[in-house]
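Number of protein chains: 2
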Amino acid sequence: MTKITIDKNAFPYPMPMVLLGAMVDGRPNFMAVAWVTRVNYQPPMIAAALGKSHYTNGGIHASRAFSVNIPGVALLEKTDYCGIVSGKKKDKASLFSVTFGEKTGAPLIEECPVQMECKLTDIIDLPSNELFVGEIVGAYADAACCSEGKPDMEKIRSFTLTMPDNRYWEVGRCAGKAWNAGKKIKC
Amino acid sequence: MTKITIDKNAFPYPMPMVLLGAMVDGRPNFMAVAWVTRVNYQPPMIAAALGKSHYTNGGIHASRAFSVNIPGVALLEKTDYCGIVSGKKKDKASLFSVTFGEKTGAPLIEECPVQMECKLTDIIDLPSNELFVGEIVGAYADAACCSEGKPDMEKIRSFTLTMPDNRYWEVGRCAGKAWNAGKKIKC
Chain A
1 MTKITIDKNA
11 FPYPMPMVLL
21 GAMVDGRPNF
31 MAVAWVTRVN
41 YQPPMIAAAL
51 GKSHYTNGGI
61 HASRAFSVNI
71 PGVALLEKTD
81 YCGIVSGKKK
91 DKASLFSVTF
101 GEKTGAPLIE
111 ECPVQMECKL
121 TDIIDLPSNE
131 LFVGEIVGAY
141 ADAACCSEGK
151 PDMEKIRSFT
161 LTMPDNRYWE
171 VGRCAGKAWN
181 AGKKIKC
Chain B
1001 MTKITIDKNA
1011 FPYPMPMVLL
1021 GAMVDGRPNF
1031 MAVAWVTRVN
1041 YQPPMIAAAL
1051 GKSHYTNGGI
1061 HASRAFSVNI
1071 PGVALLEKTD
1081 YCGIVSGKKK
1091 DKASLFSVTF
1101 GEKTGAPLIE
1111 ECPVQMECKL
1121 TDIIDLPSNE
1131 LFVGEIVGAY
1141 ADAACCSEGK
1151 PDMEKIRSFT
1161 LTMPDNRYWE
1171 VGRCAGKAWN
1181 AGKKIKC
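Just so you know, the protein sequences line up as chains A and B, in that order. Letter by letter, the first sequence follows residues 1 to 187 of this note's numbering. Letter by letter, the second sequence follows residues 1001 to 1187 of this note's numbering.
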């Protein structure tokens, strides 16, 4: 292979697209986030890295809660809109049917096939972002997007983001079973 | 929709699959990780959450460096193997052509279309995991997987993981342009 040096502003490929919700100034607000990952197994914890200038950050600081909502491709345009427009200027919650997590009060998007409500546990202060870490205290799904009571990727139809080309991607074909496909390897 | 409560052990869907590298006891080691995300914009920083029992953790503590390598589907079986077998028992680096990052000495996998070397900046101690945060100090790509000097998803052919169904997925069709597709929405 011919190896080249690329911009250090590099990324995992591809990144999951979610709508992160929080109460801000007493109103539900949602933003599009791809910098999100599970960070702890037990209890289940998730973290999202938000640029410090975002309207949402203050709401999470104050309410000590946030939600992670997984949109399907049917919500791609609305999701993208939530990444373009600030809640300072627009009531983005008006785009969705909003409910509130019974454990935290965090706003949830009913149209999203999977919804998690999270209790804030830590805020890691980084140079240009804040990393919000939360315990998943409630998780919900559209029954029509589940098989045997568990979220089913082929029904959820979530999508991903790549940067710096800034494109969304559907989830493609199943490529194998994890903790299984490598059993044939020997070294 | 009929909303059901699901296991709180819920996940972003889908998660990027990477091979995380570190020097452990003087030798290169690689593990499969899906709990990884960018966490800071400037400087570029990335974080990976590793269960505390993993062999790799001690190596990152000691060397203060790690690498994030993005495998294509051609490496799916080897990647999965690196998630099944511990470096305590097997020399997983023997599966790959290994080079070493010029800035950190972290081991890189030549067969991976994208490789990043990271200087450790923080370790966040969580109940069952350690979250390793690092600055991306060097990023490299296979020229054959780039277009106009940037990584090209359609050439990289990376893959994703979903849990708890434990399946890998190819990246599917381009579904739209980010910071653009939502411009037509009004609210």
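Beta carbons are placed, not taken as given, at the ideal position from N, Cα and C, and that holds for glycine.
Should residue i and residue j be called a contact, given that it needs their Cβ atoms to be closer than 8 Å?
| i | j | result |
| --- | --- | --- |
| residue 39 of chain A | residue 1131 of chain B | yes |
| residue 13 of chain A | residue 1151 of chain B | yes |
| residue 1023 of chain B | residue 1063 of chain B | yes |
| residue 1156 of chain B | residue 1101 of chain B | no |
| residue 1110 of chain B | residue 1096 of chain B | yes |
| residue 46 of chain A | residue 136 of chain A | yes |
| residue 112 of chain A | residue 70 of chain A | yes |
| residue 141 of chain A | residue 98 of chain A | no |
| residue 42 of chain A | residue 1128 of chain B | yes |
| residue 1010 of chain B | residue 44 of chain A | yes |
| residue 1147 of chain B | residue 1108 of chain B | no |
With 16 as the cutoff for other CB atoms within 10 Å, does residue i come out buried or exposed?
| i | result |
| --- | --- |
| residue 187 of chain A | exposed |
| residue 49 of chain A | buried |
| residue 35 of chain A | buried |
| residue 1166 of chain B | exposed |
| residue 92 of chain A | buried |
| residue 80 of chain A | buried |
| residue 181 of chain A | buried |
| residue 1094 of chain B | exposed |
| residue 149 of chain A | exposed |
| residue 74 of chain A | exposed |
Assuming residue i is part of the beta strand (DSSP E), what are its boundary residues?
| i | result |
| --- | --- |
| residue 168 of chain A | 167-177 |
| residue 1116 of chain B | 1114-1125 |
| residue 1152 of chain B | Unbroken run through residue 1152 of chain B: none, as it is neither H nor E. |
| residue 1139 of chain B | 1129-1142 |
| residue 95 of chain A | Per DSSP, residue 95 of chain A belongs to no beta strand (DSSP E) and is neither H nor E. |
| residue 51 of chain A | 45-51 |
Report the CB separation of residue i from residue j in whole angstroms; it is logged as a contact under 8 Å.
| i | j | result |
| --- | --- | --- |
| residue 1106 of chain B | residue 1026 of chain B | That pair is no contact at about 13 Å. |
| residue 1118 of chain B | residue 1065 of chain B | 7 Å |
| residue 1017 of chain B | residue 1160 of chain B | 6 Å |
| residue 37 of chain A | residue 1037 of chain B | 4 Å |
| residue 87 of chain A | residue 29 of chain A | 4 Å |
| residue 1139 of chain B | residue 6 of chain A | 5 Å |
| residue 143 of chain A | residue 1002 of chain B | 4 Å |
Can you give me the start and stop residues for the alpha helix (DSSP H) that residue i sits inside?
| i | result |
| --- | --- |
| residue 20 of chain A | Residue 20 of chain A -> not in any alpha helix (DSSP H); beta strand (DSSP E) instead, spanning 18-24. |
| residue 1062 of chain B | 1055-1063 |
| residue 1076 of chain B | 1076-1084 |
If the cut-off is 9 Å on Cβ atoms, which residues from the segment 30-61 of chain A count as contacting chain B, listed in chain order? 32, 34, 35, 36, 37, 38, 39, 40, 41, 42, 43, 44, 45, 46, 47, 48, 49 and 51
Interface positions of the segment 1104-1117 of chain B facing chain A (Cβ-Cβ less than 7 Å), listed along the chain: 1110, 1114 and 1116
For the segment 162-180 of chain A, enumerate the residues whose C-beta is nearer than 9 Å to any C-beta of chain B, in chain order. 162, 163, 164, 165, 166, 167, 168, 169, 170, 171, 172, 173, 174, 175, 176, 177, 178, 179 and 180
When you check each C-beta in the segment 128-148 of chain A against every C-beta of chain B, which residues fall closer than 9 Å? 128, 129, 131, 133, 135, 136, 137, 138, 139, 140, 141, 142, 143, 144, 145, 146 and 147
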